[in-house]
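Numbering (the working numbering), first residue to last: 22 to 104.
Yeah, the Cβ is synthetic: ideal placement off N, Cα and C, and Gly gets one too.
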Amino acid sequence: MIAELQGSELTKAILENVSNYVWCAVSNVSDDYAIATIDNGYYELLVPIVAFNNDQFVCDKGELWEHAVSVKRVALTQDDVGL
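Below, the structure is given as structure tokens:
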């Protein structure tokens, strides 16, 4: 049975096989910390990742990150907010 890819490992696979960029929550601590930061409103840590080089993720501004968890960015609908 093949293990399901998730977190930073999924992001690596997306960059290698699907797209040349992917929106991610990033951190230099852990995958869990990356998600926790955006859950707590630190949206500046939600960035497009454009490469994985030398064991680090590279964002579109050239910053390097150890962990990058791919996320969806979707627009809210009025149903989402209860209107």
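Task: Start-to-end residues for the alpha helix (DSSP H) that takes in ALA24 - done: Working through the sequence shown from its first residue, we reach residue 24 at position 3. Run containing ALA24: none; DSSP gives neither H nor E here.
Task: Nearest-angstrom Cα separation, counted from VAL43 out to ILE35 - done: Taking the sequence shown and counting its residues from 1, one reaches residue 35 at position 14. Taking the sequence shown and counting its residues from 1, one reaches residue 43 at position 22. The straight-line gap separating the alpha-carbon atoms of ILE35 and VAL43 is approximately 7 Å.
TODO: Tell whether a beta-carbon distance below 9 Å holds between ASP60 and ILE70.
DONE: On the sequence shown, residue 60 is found 39 positions in, with the first residue counted as 1. On the sequence shown, residue 70 is found 49 positions in, with the first residue counted as 1. No, the Cβ-Cβ distance between ASP60 and ILE70 is not below 9 Å.
Task: Residue burial classification, ALA96 (beta-carbon count within 10 angstroms, cutoff 16) - done: What you label residue 96 is simply residue 75 of the sequence shown in a count that begins at 1. Exposed: under 16 other Cβ atoms inside 10 Å.
TODO: Out of SER40, THR98, VAL47, LEU104, state which residue places its alpha-carbon closest to the alpha-carbon of GLY28.
DONE: Position 7 of the sequence shown, counted from the start, is the residue given in the question as residue 28. For the options SER40, THR98, VAL47, LEU104, the alpha carbon positioned closest to that of GLY28 is the one of VAL47.
Task: Three-way DSSP call (helix, strand, coil) for ALA72 in this model - done: Here residue 72 refers to the residue found at position 51 of the sequence shown. Residue state, collapsed to three classes: strand.
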